[in-house]
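Working notes, beginning with the structure itself.
Protein chains: 2
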Amino acid sequence: MNLWFTELYENDSGFAVKIKETLFSGKSEYQKLDILQTEQLGKMMVLDGLVMLTEANEFSYHEMIAHVPLIAHPNPERVLVIGGGDGGTAREVLKHEIVKECVMVEIDELVVEKSKEFFPEIASAFDNPKLNLIIDDGFKYIEDNKNAFDVIIIDSTDPIGPAEPLFSSRFYKNVNECLKTDGIMSAQSESPYLYKKIIKLMYANIKSAFPIVKMYTGFVPFYPTGMWSFAFGSKKYTYQEKPRIEDIDKLENLNYFNRKIYYSAFDLPNFAKDLVK
Amino acid sequence: MNLWFTELYENDSGFAVKIKETLFSGKSEYQKLDILQTEQLGKMMVLDGLVMLTEANEFSYHEMIAHVPLIAHPNPERVLVIGGGDGGTAREVLKHEIVKECVMVEIDELVVEKSKEFFPEIASAFDNPKLNLIIDDGFKYIEDNKNAFDVIIIDSTDPIGPAEPLFSSRFYKNVNECLKTDGIMSAQSESPYLYKKIIKLMYANIKSAFPIVKMYTGFVPFYPTGMWSFAFGSKKYTYQEKPRIEDIDKLENLNYFNRKIYYSAFDLPNFAKDLVK
Numbered sequence: 001m002n003l004w005f006t007e008l009y010e011n012d013s014g015f016a017v018k019i020k021e022t023l024f025s026g027k028s029e030y031q032k033l034d035i036l037q038t039e040q041l042g043k044m045m046v047l048d049g050l051v052m053l054t055e056a057n058e059f060s061y062h063e064m065i066a067h068v069p070l071i072a073h074p075n076p077e078r079v080l081v082i083g084g085g086d087g088g089t090a091r092e093v094l095k096h097e098i099v100k101e102c103v104m105v106e107i108d109e110l111v112v113e114k115s116k117e118f119f120p121e122i123a124s125a126f127d128n129p130k131l132n133l134i135i136d137d138g139f140k141y142i143e144d145n146k147n148a149f150d151v152i153i154i155d156s157t158d159p160i161g162p163a164e165p166l167f168s169s170r171f172y173k174n175v176n177e178c179l180k181t182d183g184i185m186s187a188q189s190e191s192p193y194l195y196k197k198i199i200k201l202m203y204a205n206i207k208s209a210f211p212i213v214k215m216y217t218g219f220v221p222f223y224p225t226g227m228w229s230f231a232f233g234s235k236k237y238t239y240q241e242k243p244r245i246e247d248i249d250k251l252e253n254l255n256y257f258n259r260k261i262y263y264s265a266f267d268l269p270n271f272a273k274d275l276v277k
Numbered sequence: 278m279n280l281w282f283t284e285l286y287e288n289d290s291g292f293a294v295k296i297k298e299t300l301f302s303g304k305s306e307y308q309k310l311d312i313l314q315t316e317q318l319g320k321m322m323v324l325d326g327l328v329m330l331t332e333a334n335e336f337s338y339h340e341m342i343a344h345v346p347l348i349a350h351p352n353p354e355r356v357l358v359i360g361g362g363d364g365g366t367a368r369e370v371l372k373h374e375i376v377k378e379c380v381m382v383e384i385d386e387l388v389v390e391k392s393k394e395f396f397p398e399i400a401s402a403f404d405n406p407k408l409n410l411i412i413d414d415g416f417k418y419i420e421d422n423k424n425a426f427d428v429i430i431i432d433s434t435d436p437i438g439p440a441e442p443l444f445s446s447r448f449y450k451n452v453n454e455c456l457k458t459d460g461i462m463s464a465q466s467e468s469p470y471l472y473k474k475i476i477k478l479m480y481a482n483i484k485s486a487f488p489i490v491k492m493y494t495g496f497v498p499f500y501p502t503g504m505w506s507f508a509f510g511s512k513k514y515t516y517q518e519k520p521r522i523e524d525i526d527k528l529e530n531l532n533y534f535n536r537k538i539y540y541s542a543f544d545l546p547n548f549a550k551d552l553v554k
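Encoded structure:
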């Protein structure tokens, strides 16, 4: 059988990948989840028709969303991950010995369950005693907790569907209050080549809540255009001010992130700089 | 009509884009050329089934292949472009006032003709009196000219088809001899996520011909994986040694390249560093 999965970008272009077999296909209260065995990229997780990760390349996204805020903070002992039900972001967070507790609030238990079953390497964090997994609404959790975390990582799906409230200015104000006085957040912020309107609005919202806001980027193949951006929001420290740069050398199994990438990820091409100025 | 163009990556994944109409479809002595009007990305040029450029995003590739070697060289008066028949690389080269002559050797006259007809903005360099267009075999031209250029840019197609000899060690030795004693070359060098074997071989070949060899990268959407690499080969100067960094501010209409990108493009993710060490 010649079976292909296709993800469309604004209906007019897209990514296609050849599929060996469907490993799981189901629907939770929140979204549709498919796990597919590809020919080229290992297993692939798809939520509501959009590629979330492939085994071959998940490292770039997870390393970049997690390590940048954690290195920028001088003492990130308590970390909160919103979303990220596959476990990849938490896996990267827990590579930092300095982290005492990583709380992860995922709305959809099915994603966690199936990640444990089909992506044990990515889901390895769920066995870590420092991980506190809470199945709940991230928006509500952040609203209910004040002055509680050093770093918050928003590892959400796109701003259409269950993650929509996670792109609002009210949400970012709550993130600010959920952080301690010198806290830092990171959030996935889409592709600057394609989603210019969403990005402009998202960064305006973050700027309404944080005094220090920057975009940084990484190569994430098989996300739309392969250029992915992340928002860095900070209450006190710039990314250059107090980075634990030497601690990068203690992080194991880094396929992407290193000392130079930490800094250069913030150097934006002109068209991306224009979006967030 | 619901018409889609698809480019496959090693047969198991690919890029698809919706087509309004085919503007030109023809075959030269060397390759098949198609020019398509897309819904999303403007006009698109396709050679032997592979996307060469889209109007929406051609800037990133052309700026990165041209400006990096030209900024690294203290006095790039004579520049040679091999390939690049669409004219985009020459357009970027000729933004540098210091350039006295840009020789462009393209094997396929059909590409030049059709680029003038369908991509006048990209082909604008062909009207520039500093451009010397030669329709000939780039391999032969380089073999026949010694000690003649400050910068050589290899803007070739992939190493399958007419461009194959442009990836051999003999070719890079000839490039070295075609350069003056302090000359610099750049060459497109494929995606580090997908073409690991080709890249290892290509960089080994360049290292056999040049004492200073580096990889740099840029976000090139709708080339495979969106991460594109370029080889930097130099006879004398490192990229940090004599860059005309202030001259970047004199370059007009840069959508991608800037002072910080010049340096940070050389900061590679770990998996890419491993390929070229």
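Here the protein sequences come in this chain order: A and B. If you use this note's numbering, the first sequence corresponds to residues 1 to 277, in order. If you use this note's numbering, the second sequence corresponds to residues 278 to 554, in order. The beta-carbon is built from N, C-alpha and C at its ideal position, and this holds for glycine as well. Treat the numbers as computed from the prediction; the structure is a model and nothing was measured.
- [ ] Take Q37 of chain A as the anchor and find which of A:D144, A:F118, A:N176, A:L8 has the nearest alpha-carbon.
- [x] Here residue 37 of chain A refers to the residue found at position 37 when the first sequence is read from its first residue. Looking at A:D144, A:F118, A:N176, A:L8, the one whose alpha-carbon comes closest to that of Q37 of chain A is A:F118.
Task: Cα-Cα separation between P488 of chain B and T515 of chain B, rounded to whole angstroms - done: Locating residue 488 of chain B in the second sequence gives position 211, counting from the first residue. Locating residue 515 of chain B in the second sequence gives position 238, counting from the first residue. P488 of chain B and T515 of chain B have their C-alpha atoms some 10 Å from each other.
- [ ] Look at the alpha carbon of L94 of chain A and the alpha carbon of T494 of chain B, and state the distance between them as a whole number of angstroms.
- [x] As a position in the first sequence, residue 94 of chain A is number 94, starting the count at 1. As a position in the second sequence, residue 494 of chain B is number 217, starting the count at 1. Rounded to the nearest angstrom, the two C-alpha atoms are 30 Å apart.
Task: Sequence-distant residues of the same chain with beta carbon closer than 8 Å to T157 of chain A, five excluded per side - done: Here residue 157 of chain A corresponds to residue number 157 of the first sequence, with the count starting at 1. Around T157 of chain A: Q31, L47, D48, L50, M52, G83, A163.
Task: Assumed close pair E63 of chain A, F257 of chain A - CB separation to whole angstroms, cut-off 8 Å - done: The count along the first sequence starts at 1 and reaches residue 63 of chain A at position 63. The count along the first sequence starts at 1 and reaches residue 257 of chain A at position 257. Your pair E63 of chain A and F257 of chain A checks out as a contact, with CB atoms roughly 4 Å apart and the cut at 8 Å.
- [ ] Output yes if chain B places a C-beta closer than 8 Å to the C-beta of Q37 of chain A; else output no.
- [x] In the first sequence, counting from the first residue as 1, residue 37 of chain A sits at position 37. With 8 Å as the cut-off, Q37 of chain A does not count as an interface residue toward chain B.
Open item on the list: I want to verify the contact list: residues of chain A whose CB lies under 8 Å from the CB of F292 of chain B, in sequence order.
Closed with: Locating residue 292 of chain B in the second sequence gives position 15, counting from the first residue. The answer, in chain order, is S13, G14, F15, A16.
- [ ] Answer yes or no: do V376 of chain B and V356 of chain B have a C-beta to C-beta separation smaller than 8 Å?
- [x] Here the question's residue 376 of chain B lines up with position 99 in the second sequence. Here the question's residue 356 of chain B lines up with position 79 in the second sequence. Yes, Cβ-Cβ distance for V376 of chain B and V356 of chain B is below 8 Å.
Open item on the list: Which residues in chain A have a C-beta closer than 7 Å to the C-beta of G503 of chain B? List them in chain order.
Closed with: Start at 1 with the first residue of the second sequence, and residue 503 of chain B comes out as number 226. Here the neighbours are F219, P221, T225, G226, M227.
Task: Which of helix, strand or coil DSSP assigns to D247 of chain A - done: Reading the first sequence from its first residue, position 247 is the one you call residue 247 of chain A. In the three-state DSSP reduction, D247 of chain A falls in the helix class (H, G or I).
Task: Rounded C-alpha distance that separates G85 of chain A from T6 of chain A - done: By one-based count along the first sequence, residue 85 of chain A stands at place 85. By one-based count along the first sequence, residue 6 of chain A stands at place 6. Distance between the alpha carbons of G85 of chain A and T6 of chain A is about 23 Å.
Task: Residues that D544 of chain B contacts on chain A, provided the C-beta gap is smaller than 7 Å - done: The residue you call residue 544 of chain B lines up with position 267 of the second sequence. Chain A residues near D544 of chain B: K260, I261, S264.
- [ ] From the DSSP output, in three-state form, read off L531 of chain B for me.
- [x] For the purposes of this step, residue 531 of chain B is identified with residue 254 of the second sequence, where counting begins at 1. In this structure, DSSP gives L531 of chain B a state outside helix and strand, which the three-state scheme calls coil.
Task: Closest Cα partner of V213 of chain A within the set A:F149, A:A187, A:A125 - done: For the purposes of this step, residue 213 of chain A is taken as residue 213 along the first sequence, with counting starting at 1. Between V213 of chain A and the set A:F149, A:A187, A:A125, the nearest pair of CA atoms involves A:A187.
Open item on the list: Are the CB atoms of V553 of chain B and Y480 of chain B within a distance shorter than 8 Å?
Closed with: Along the second sequence, read from residue 1 onward, the residue named residue 480 of chain B stands at position 203. Along the second sequence, read from residue 1 onward, the residue named residue 553 of chain B stands at position 276. In terms of Cβ geometry, Y480 of chain B and V553 of chain B form a close pair [threshold 8 Å].
Task: Listed by chain order, chain A residues near N547 of chain B by CB distance under 7 Å - done: Working through the second sequence from its first residue, we reach residue 547 of chain B at position 270. In chain order, L254, N255, Y256, N258 make up the part of chain A whose C-beta sits under 7 Å from the C-beta of N547 of chain B.
TODO: Compare the C-beta of N290 of chain A against all C-beta atoms of chain B and say whether one is closer than 8 Å.
DONE: Residue coverage of chain A in this structure runs from 1 to 277, which leaves residue 290 of chain A outside it and unanswerable.
TODO: Measure the CB-CB distance between D105 of chain A and I134 of chain A and report whether it falls below 8 Å.
DONE: Here residue 105 of chain A corresponds to residue number 105 of the first sequence, with the count starting at 1. Here residue 134 of chain A corresponds to residue number 134 of the first sequence, with the count starting at 1. Here residue 105 of chain A is Val; the residue named in the question, Asp, does not match the sequence. Yes; because the gap between Cβ atoms is below 8 Å, this pair is in contact.
- [ ] Work out the CA separation of L254 of chain A and D414 of chain B for me, nearest whole Å.
- [x] The residue labelled residue 414 of chain B in the question sits at position 137 within the second sequence. The residue labelled residue 254 of chain A in the question sits at position 254 within the first sequence. Taking the straight line joining both Cα atoms gives about 43 Å.
TODO: Identify the contact partners of E190 of chain A in chain B, using a Cβ-Cβ distance below 7 Å as the criterion.
DONE: By one-based count along the first sequence, residue 190 of chain A stands at place 190. Close to E190 of chain A, with beta-carbon spacing below 7 Å, lies no residue of chain B; the smallest spacing is near 13 Å.
Task: Chain-ordered chain A contacts of T283 of chain B [CB-CB under 7 Å] - done: Stepping through the second sequence from its first residue, residue 283 of chain B is reached at position 6. Neighbours of T283 of chain B on chain A, chain order: A16.
- [ ] For S337 of chain B, decide whether its Cβ has a neighbour in chain A, counting only Cβ atoms nearer than 8 Å.
- [x] Locating residue 337 of chain B in the second sequence gives position 60, counting from the first residue. Taking Cβ atoms only, chain A reaches closer than 8 Å to S337 of chain B, which makes this a yes.
- [ ] Identify, in the order they occur along the chain, each residue of the same chain with its Cβ nearer than 7 Å to the Cβ of L545 of chain B, setting aside the five sequence neighbours on each side.
- [x] Along the second sequence, one-based indexing puts residue 545 of chain B at 268. Closer than 7 Å at the Cβ level, and outside the excluded window around L545 of chain B, lie M492, T494.
Task: Test: E246 of chain A CB closer than 8 Å to a CB of chain B - done: For the purposes of this step, residue 246 of chain A is taken as the residue at position 246 of the first sequence. False, the Cβ-Cβ gap to chain B never drops below 8 Å.
Open item on the list: DSSP has L431 of chain B in a bridge; who is on the other side?
Closed with: Looking up residue 431 of chain B in the second sequence gives position 154. Looking at the sequence shown, residue 431 of chain B is not Leu but Ile. In the DSSP output, where bridge partners are listed per residue, I431 of chain B has B:I359, B:A464.
Task: N424 of chain B vs V380 of chain B beta-carbon contact at 8 Å - done: Sequence index remark: in the second sequence, residue 424 of chain B carries index 147 (1-based). Sequence index remark: in the second sequence, residue 380 of chain B carries index 103 (1-based). In terms of Cβ geometry, N424 of chain B and V380 of chain B do not form a close pair [threshold 8 Å].
- [ ] Consider the Cβ of L300 of chain B: report whether some Cβ of chain A lies at a distance smaller than 8 Å.
- [x] Position 23 of the second sequence holds residue 300 of chain B. Between L300 of chain B and chain A, the shortest Cβ-Cβ separation is not below 8 Å.
Task: Closest Cα partner of K295 of chain A within the set A:D34, A:L33, A:T54 - done: Look at the range of chain A in this structure, 1 to 277, and you will see that residue 295 of chain A is not part of it.
Open item on the list: Please classify E467 of chain B as buried or exposed, where buried requires at least 16 other C-beta atoms within 10 Å of its C-beta.
Closed with: Here residue 467 of chain B is taken as the residue at index 190 of the second sequence, counted from 1. The residue is buried, with at least 16 neighbouring Cβ atoms inside 10 Å.
Task: Classification of P69 of chain A by the beta-carbon crowding that lies within 10 angstroms, buried from 16 upward - done: Counting from 1 along the first sequence, the entry for residue 69 of chain A is found at position 69. Classification for P69 of chain A: buried.
- [ ] Output the boundary residues of the beta strand (DSSP E) element that contains D311 of chain B.
- [x] By 1-based counting over the second sequence, the position of residue 311 of chain B is 34. That run of the beta strand (DSSP E) goes 309 to 315.
Task: Where L285 of chain B sits in the DSSP three-state scheme - done: Walking along the second sequence from the start, residue 285 of chain B turns up at place 8. Reduced to three states, the DSSP call for L285 of chain B is strand.
Open item on the list: Using the Cβ count rule (16 or more neighbours within 10 Å means buried), how would you classify K221 of chain B?
Closed with: This structure gives no information on residue 221 of chain B, because the portion of chain B shown stretches from 278 to 554.
- [ ] Quick one: grab the DSSP three-state call for L166 of chain A.
- [x] Along the first sequence, one-based indexing puts residue 166 of chain A at 166. Assigned with DSSP and collapsed to three states, L166 of chain A falls in helix.
- [ ] May I have the straight-line CA-CA distance separating G161 of chain A from F336 of chain B, to the nearest angstrom?
- [x] On the first sequence, residue 161 of chain A is found 161 positions in, with the first residue counted as 1. On the second sequence, residue 336 of chain B is found 59 positions in, with the first residue counted as 1. Answer to the nearest angstrom: the Cα atoms are 33 Å apart.
Task: Short Cβ contact (8 Å threshold) for F444 of chain B with F416 of chain B - done: The residue you call residue 444 of chain B lines up with position 167 of the second sequence. The residue you call residue 416 of chain B lines up with position 139 of the second sequence. Not closer than 8 Å, so no.
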